[in-house]
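Asks: Residue numbers (the numbering used here), protein chains in the order written: chain A, 25 to 527; chain B, 25 to 527. The beta-carbon is built from N, C-alpha and C at its ideal position, and this holds for glycine as well. Please read all numbers here as calculations on a predicted model, not as lab measurements. Below is a structure I'd like to ask you about.
Structural data, given as structure tokens:
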């Protein structure tokens, strides 16, 4: 198998270069002094260019052609067959966009981001509108280059969720939206029944850091192959499975930010730390898709980190770290505080219940913009109307409305739905893990996360990017991507917390 | 000038890749978790390979040929002419070694390093001897590949000091050795006249860090384009002139280590932070040679940081940081403590006076090994004999003798003399700066380093690697490389400190 082994050697080079880009970016967001910005952007651009040349070279194309023949007799689920299949997919995708067009996108979105920042600061949508129009036009051209079988939006969605169909995602969102809207309304009527103010007391940062580290270490995040640093916009990153780092930010008067954020990022990082050793250097040693990745972060942040069982175990430890702040707080109060639902205008501050409504709104508007059903000029009003309909709150400025996210500035249309899909998948996986081990809640309540960790490792993490996302979900759960576990989880949990009448 | 501009575009790529290697290395030595080691070595090897391919490609060779014609009519001191000249020098050098030989060197020295570590730990020279022999043989073959006009050692020396002659270095060392040997003997007779024990008191690390930062900031090291981190083996590194970082290590009971180390590294870093803007991305935006670089670190560490004037200004600040530790200490005691001379067995712990004897010893042994005048088997005894002759102390184990440095294991023959040359150059430059501004000592005593900073910037730093080292020294001082300023400095300073009779 000489083409295959040559192919693997090239993939290893590409992998190293991708890892190097991640290192440059991690440093940029953690320790780089301000003066380094310009040089860093040049270093990153050189590495990107070399990576792109290697990933789209005709030499690589020939190696893939040859390797396909060599693996044609293998089982489709064998490692080599899966590597070649995925590399073929990546190669065809990355060679579809002309180099000039890629350069145009980079240039336009970089300018658009700059303008967006100003427009948001000045609350002036008219400034950003022409750039949003340019980005919508670029998205349309991107769609044409990539092509699609069914709906144009598929081409954008598939950048983040390979082989998923917009039409199927719509069905899922249509199942979730009415339930969540009703849930939000019912909770609104019980507003005031939860007092979350305990989380706004003053919690010193070193205590937050110590506790957050203890939590994710207990989960199974391996600090011998990772670390936790401070940054402005938290993220997880991987330089190979043996160096997966997480970052967070601290607010003394908002204790959940660092804690929940660290748990969230640890989910991403544990995924990457536990891909199969056989995938190292193949370009498949990473998460399967955005939604699968997000399912892991959400699972550890929400299904574990906001659960009653989690706090049963960690409350005494949290108390030991902050005895003064928690002197008059009991477990039930703390648990409810971490699960308070408050419809708000800003997505990134949203709670577990309202979060998906923010996503559904964006998913709908993106499709309408792409199809031409919605003009850029009408986008602010359409945004505000949906906020009112879904969440019962209405932005008074565009800065807290249509201008709030960077995604449409950076050319990230198609990305938003993956956040909600991640929530759905997290519940579907967790339900399956519970099926396999009914004692999971008891284990969590006693600080034992090993069987949950092992289940996820065996059924998701170890496969890396061997499968497309819907294949991976079916492999792990025996089912297609479904919303019923999510709807059941959300309804049960918040009906109990807010003592709601049946939804 | 189309070849020249294409050449510059390629040089920019090479520069970015070199900077990326430095970033990977910095991270490895500061924040990388233990698990990252194997992946990091693969990432670095991929970047090195790409850099080497680009730096030795026949395409680059043709661009240099073309550019040489284009700049042939320019003044030799014009920037473009100097760029082409230096790039030609680099290219010819890096294409002289066959790729297979380079791979053999990398493999052998990497194994040799490993064996050396064991041999030193176990104090077993016989274990390392065959690997030292291999490295000597590789050095001989390296010499043959590079070629030389006069002495074989020139080819090794020129890797660190382009165009310098071994014969000339011998002359300089022969001037210095007897003076220093006499100085050491005289000081030995006054041993006990200085009590340096104050530096061994307990100084908390955060105080050391705060004071060290204050010092180098006052020097002119720009933290907006740099930072100070902890590491095991301190170094300075540059990712471009706008991101030059320094590292240090702390010992609570050895306050000079972090402080002097930080000043030392700040000298390296200020050099890199202040190369001319016109050199950015040309592969010339760095230090001129090892000795020039070392001259800057030594100048700030020794000529400034161990001077009476420095402590006149900084003593009250040092005292403010450590009032308890310094309660019974006056300025004169502290100044002398920082300048205590104690012949010791270990180079890296040596003081200003004895340091060069450690270097001269190694320089002499290296030449004898290369010429065959000394066999590997006889090296330990030869080492010990010279230690006795020059320093009056004799190693009782090979671990503190011939096995103490990593250089001969890592294939770094030719490197050692640059340390001493750096000391000579530091004094030659400082003398010249003093000539230009007689008030320098008064300025330093009042915490004003701006005219020294400016003089170095104008006469050394801004030129980067435009000139070969001897050219740069002449340009800055109007003289060839000389030892008389160094001999004068050392003799005067320590005659006063130790109240010695005339040497």
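1) For residue 141 of chain B, tell me which candidate among B:57, B:428, B:469 has the shortest Cα-Cα distance.
2) What are the complete alpha helix (DSSP H) segments, minimum 4 residues, inside the stretch 46-94 of chain A?
3) Is residue 257 of chain A buried or exposed, if buried means 16 or more other CB atoms sit within 10 Å of its CB?
4) When you compare the CB of residue 44 of chain A with every CB in chain B, is at least one pair closer than 8 Å?
5) For residue 271 of chain A, which residues does DSSP report across the bridge?
6) How long is the line joining the alpha carbons of residue 53 of chain A and residue 116 of chain B, rounded to whole angstroms?
7) Is residue 396 of chain A buried or exposed, if buried means 16 or more other CB atoms sit within 10 Å of its CB?
8) If you drop the 5 nearest sequence neighbours on each side, which residues of the same chain put their C-beta closer than 6 Å to that of residue 193 of chain B?
9) Looking only at its own chain, which residues have a Cβ that is under 7 Å from the Cβ of residue 359 of chain B, when we skip the five neighbours before and after it?
10) Compare the C-alpha of residue 110 of chain B against each of B:525, B:492, B:517 and name the closest.
11) Considering only the beta carbon of each residue, do residue 367 of chain A and residue 415 of chain A sit closer than 8 Å?
12) Count the other CB atoms within 10 Å of the CB of residue 135 of chain A; is the residue buried (16 or more) or exposed (fewer)?
13) Hey, how far is the Cα of residue 86 of chain B from the Cα of residue 93 of chain B?
14) Going by Cα to Cα distance, which pick from A:59, A:31, A:120 is closest to residue 88 of chain A?
15) So, is residue 24 of chain A buried or exposed, given that buried needs 16 or more other C-beta atoms within 10 angstroms?
16) With 9 Å as the C-beta to C-beta threshold (strictly closer), list the residues of the stretch 35-62 of chain A near chain B in chain order.
17) Check residue 351 of chain A in the structure and name its three-state DSSP category.
18) Suppose only complete runs of 4+ residues qualify. What are the alpha helix (DSSP H) ranges in the stretch 361-438 of chain B, listed by chain order?
19) Give me, in chain order, the residues of the same chain whose beta-carbon lies closer than 6 Å to that of residue 27 of chain B; leave out the 5 immediate sequence neighbours on both sides.
20) Going straight from the alpha carbon of residue 74 of chain A to that of residue 37 of chain A, what length do you get?
21) Using the C-alpha atoms, what's the distance from residue 152 of chain B back to residue 326 of chain A?
22) Ends of the alpha helix (DSSP H) at residue 143 of chain B?
23) With 7 Å as the C-beta to C-beta threshold (strictly closer), list the residues of the stretch 67-80 of chain B near chain A in chain order.
24) Along chain B, in chain order, which residues have C-beta atoms closer than 7 Å to that of residue 250 of chain A?
25) Would you report the Cα separation of residue 464 of chain A and residue 520 of chain A, rounded to the nearest angstrom?
26) Is the beta carbon of residue 79 of chain B sitting closer than 8 Å to the one on residue 118 of chain B?
27) Please report whether the beta-carbon of residue 396 of chain B lies at a distance below 8 Å from any beta-carbon of chain A.
28) Would you mind stating whether residue 285 of chain B and residue 273 of chain B have Cβ atoms separated by less than 8 Å?
29) Mind checking residue 372 of chain B: buried by the 16 CB within 10 Å criterion, or exposed?
30) Between residue 380 of chain A and the rest of its own chain, which residues show a CB-CB distance below 7 Å, the 5 nearest in sequence each way excluded?
31) With a floor of 3 residues, list each beta strand (DSSP E) that falls wholly inside the stretch 256-320 of chain B, ordered by position along the chain.
32) Closest Cβ-Cβ distance between residue 488 of chain A and chain B: below 8 Å?
33) For residue 484 of chain A, which three-state DSSP category applies?
34) Tell me where the alpha helix (DSSP H) around residue 229 of chain B begins and ends.
35) Output the boundary residues of the alpha helix (DSSP H) element that contains residue 215 of chain A.
36) Should residue 177 of chain A be labelled buried (16 or more other beta-carbon atoms within 10 Å of its own) or exposed?
Replies: Let me lay it out:
1) B:428
2) Entirely contained in the stretch 46-94 of chain A, the alpha helix (DSSP H) runs reaching 4 residues are, in chain order, 61-79.
3) exposed
4) yes
5) BP columns for residue 271 of chain A point to A:253.
6) For residue 53 of chain A and residue 116 of chain B, the distance between alpha carbons rounds to 39 Å.
7) So residue 396 of chain A counts as exposed.
8) 441
9) 332, 335, listed in sequence order.
10) Among B:525, B:492, B:517, the Cα nearest to that of residue 110 of chain B belongs to B:492.
11) yes
12) Counting Cβ neighbours within 10 Å, residue 135 of chain A comes out exposed, since fewer than 16 surround it.
13) 11 Å
14) A:31
15) What the structure shows of chain A is the stretch from 25 to 527, and residue 24 of chain A is not part of that stretch, so it cannot be assessed.
16) 36, 37, 39, 40, 41, 43, 44, 47, 48, 50, 51, 54, 55, 56, 57, 58, 59, 60, 61, 62
17) In the structure shown, residue 351 of chain A falls within a coil segment according to DSSP collapsed to helix, strand and coil.
18) 379-395, 403-415
19) Same-chain partners within the cutoff: 87, 90, 91, 94.
20) Here the C-alpha atom of residue 74 of chain A lies approximately 10 Å from the C-alpha atom of residue 37 of chain A.
21) 57 Å
22) 123-146
23) Against chain A - using a Cβ distance shorter than 7 Å - the residues of the stretch 67-80 of chain B are 67, 70, 71, 74.
24) 57
25) 20 Å
26) yes
27) no
28) yes
29) exposed
30) 200, 204, 444, 447
31) Complete beta strand (DSSP E) runs here, min 3: 260-262, 268-272.
32) Closer than 8 Å: no.
33) The DSSP-derived three-state label of residue 484 of chain A is coil.
34) 229-243
35) Residue 215 of chain A: not part of any alpha helix (DSSP H); DSSP gives it neither H nor E.
36) Buried, because 16 or more other Cβ atoms sit within 10 Å of the Cβ of residue 177 of chain A.
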